[in-house]
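The opening position of the sequence shown corresponds to residue 121 in the working numbering, with each subsequent residue numbered one higher. Here a beta-carbon is modelled for each residue, glycine too, at the ideal position from N, C-alpha and C. Every value quoted in this text rests on a predicted model; they were computed, and no experiment measured them.
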Amino acid sequence: MPLPMVHLAVAREYAKGKSDLISCPEYYLGSISPDAIHMRPNAQKSDKKITHLSAEDGDSWKANVTGFISRSKDKSDYNFILGYGIHILTDIIWNETLFREFKQKYENDPVPIQEMTWAYYNDTDKLDFDMYREFEWREEIWELLKKAKSVGIDGILSSDEIEAWKYRTLHWFDKGESEHKNPIRYIFLDDIYVFIQRAGEKIKSILDTAELQV
């Protein structure tokens with residue numbers, strides 16, 4: 121799964137041209153909130169499947185997400201829910217593209233220097249720090265996140281878990297650089313930039329088909 125800067129970037133890409141959405145604090149909070157499960161003590165993989173509305177195949181998973189968004193279409197927290205759903209759609213598209221390509225590259229590497237999970241987080245965490253430094257909109261989004269009010273989702277996440285994840289995200293980059301020190305080997309910044317644009321377009325198509333465009 122991609123890390124916070126990718127999720128925020130895709131959320132912003134989708135919101136371009138949507139004046140009420142692109143500056144909405146709760147929308148961006150929603151776009152990072154499914155991963156708030158990491159703030160729950162002793163959380164299991166089964167818990168993450170719940171927060172990410174998981175299904176056995178990609179089409180069913182997308183249907184879970186669009187149904188989840190649709191049920192909140194007339195609610196006051198719709199922008200938060202929309203961001204939440206866009207996070208999960210981003211994960212799905214990531215799994216179908218960059219993560220699949222990463223696995224192929226890793227499996228074809230004759231001399232991998234790390235176990236697969238560590239190799240993945242080495243590249244993605246270092247790239248997240250690069251994007252934190254480079255994206256011109258980052259400070260604006262940080263200010264919006266600071267203003268966002270955390271709300272819970274019944275049966276999925278509590279407001280305290282989401283608030284804790286918001287705090288963790290806002291301060292994750294305070295240390296200045298990733299703790300991972302190996303050279304980037306499988307996923308590169310240009311790959312991420314292409315993904316952000318294409319994911320934004322794909323999500324627009326998915327939500328348009330489901331009649332959920334803002």
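C-beta atoms of residue i and residue j nearer than 8 angstroms
{"i": "Leu149", "j": "Phe200", "result": "yes"}
{"i": "Lys286", "j": "Pro145", "result": "no"}
{"i": "Ser278", "j": "His207", "result": "no"}
{"i": "Tyr147", "j": "Leu202", "result": "yes"}
{"i": "Lys322", "j": "Ile213", "result": "yes"}
{"i": "Val130", "j": "Gly320", "result": "yes"}
{"i": "Gly275", "j": "Glu216", "result": "no"}
{"i": "Leu290", "j": "Trp262", "result": "yes"}
{"i": "Tyr241", "j": "Phe222", "result": "no"}
Cβ shell of residue i (< 7 angstroms), same chain only, five flanking positions each side left out
{"i": "Phe219", "result": "none"}
{"i": "Lys225", "result": "Tyr306"}
Strand pairing of residue i, partner residues [DSSP]
{"i": "Ile273", "result": "Leu277"}
Sequence-distant residues of the same chain with beta carbon closer than 6 angstroms to residue i, five excluded per side
{"i": "Met125", "result": "Asp248, Met251, Tyr252"}
{"i": "Ile282", "result": "Ser153, Ala156, Ser270"}
{"i": "Ser298", "result": "Asp245, Lys246, Phe249"}
{"i": "Pro122", "result": "Trp214"}
Residue i to residue j span [Cα, whole Å]
{"i": "Ser192", "j": "Pro230", "result": "49 angstroms"}
{"i": "Gly272", "j": "Thr171", "result": "11 angstroms"}
{"i": "Thr329", "j": "Asn302", "result": "42 angstroms"}
{"i": "Leu141", "j": "Asn162", "result": "34 angstroms"}
{"i": "Ala284", "j": "Leu264", "result": "16 angstroms"}
{"i": "Arg160", "j": "Trp181", "result": "23 angstroms"}
{"i": "Gly205", "j": "Thr237", "result": "25 angstroms"}
{"i": "Glu254", "j": "Glu260", "result": "13 angstroms"}
{"i": "Arg318", "j": "Ile326", "result": "12 angstroms"}
{"i": "His158", "j": "Asp280", "result": "12 angstroms"}
Contact belief for residue i with residue j at Cβ below 8 angstroms, rounded distance in angstroms
{"i": "Asp243", "j": "Arg305", "result": "6 angstroms"}
{"i": "Ser190", "j": "Leu332", "result": "6 angstroms"}
{"i": "Glu133", "j": "Ile312", "result": "The Cβ separation is near 12 angstroms, so there is no contact."}
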